[in-house]
Amino acid sequence: MLDADFFRRWMTATAASVDREAERLTALDAAIGDADHGSNMRRGFTAVQAELDKETPGTPGAVLMLAGRLLISTVGGASGPLYGTLLRRTGKALGEDPEVTEEQLAEALRAGVQGVMKLGGAAAGDKTMVDALLPAVDALGDGFAAARAAAEQGAEATVPLLAHKGRASYLGERSIGHQDPGATSSALLMAALAETAEG
Ligand code: ADP
Ligand code: MG
Ligand code: MG
């Protein structure tokens, strides 16, 4: 069973990973966006970490809803509301249980990804974070390591795609040949989940 502390550690691991990888995320965004994805993610998860240092919500759902709320209020890019929706929706779907199963998390994350797709209008293959998140959710039934691998493969598979959503879509054909920054940060989120599960 996964308790509130597990989810707090997942967010902490994500914050550390985003901090380490911020330059890489920004470099990817420099190629097909406006060179701020690393700083956007860092600002958001630094705020999440600071709040979780002050208070530990008592349930898995409350941890994710708090994180989602902070991402929405601190990240002024497309990724803030999208990641905020992902975490808030996932948290809401987990309800008020003090502990949840891996199956519950997989189901809740699916609801979260559906929230992202509804908000942003992106489908699979549009070269966005959805291309890492959807395969990860599909693989979660096979365990956290499988979800991490699926997210990483999904992010790498965005390289040859033509962007249909977000700033990268303004580039048209010139978006081809670059890995999507948001898919890359989504792979970091799933890697942090696997890392947390491994202890
Ligand atoms: P901004 O584009 O506002 O500067 P960021 O650079 O932080 O925001 O985030 C860019 C990432 O957000 C993209 O790489 C992509 O993965 C994701 N993204 C942008 N628009 C959408 C959308 N409509 N649906 C899903 N993801 C999106
Ligand atoms: Mg950007
Ligand atoms: Mg921006």
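Take the sequence shown: its position 37, counting from 1, is numbered 37 in our numbering, and each next residue is one higher.
Just so you know, even glycine gets a beta-carbon here, dropped at the ideal spot from N, CA and C.
Bear in mind the structure is a predicted one, so any value in this text is a computation, not a measurement.
- Closest option to D3, judged by alpha-carbon separation, among P57, A22, R43: P57.
- Here S186 is not near A139, since their CB atoms are 8 Å or more apart.
- Buried is the label assigned to V63, since at least 16 other Cβ atoms lie within 10 Å of its Cβ.
- Set against 7 Å, the gap from the CB of D34 to the closest heavy atom of ligand 2 is smaller.
- Burial of D36 is indicated by the presence of at least 16 other C-beta atoms within 10 angstroms of its C-beta.
- Y83: member of the alpha helix (DSSP H) spanning 79-94, first to last residue.
- The secondary-structure analysis by DSSP pairs E99 across a beta bridge with D3.
- Of the other Cβ atoms in all chains shown, fewer than 16 fall within 10 Å of the Cβ of A27; this residue is therefore exposed.
- Here T46 carries a helix assignment [DSSP, helix/strand/coil].
- A distance below 8 Å separates the beta carbons of G80 and T74.
- Distances from the alpha-carbon of R24 to those of T196, T184, E198, A194 put T184 closest.
- It is roughly 6 Å from the alpha-carbon of G95 to the alpha-carbon of G61.
- With 16 or more neighbouring CB atoms inside 10 Å of its own CB, G44 falls in the buried class.
- Around the beta carbon of Y170, fewer than 16 other beta carbons sit within 10 angstroms, so the residue counts as exposed.
- Relative to ligand 3, the beta carbon of G77 is positioned inside 7 Å of a heavy atom.
- By alpha-carbon distance to A106, the top candidate from G141, E21, L189 is G141.
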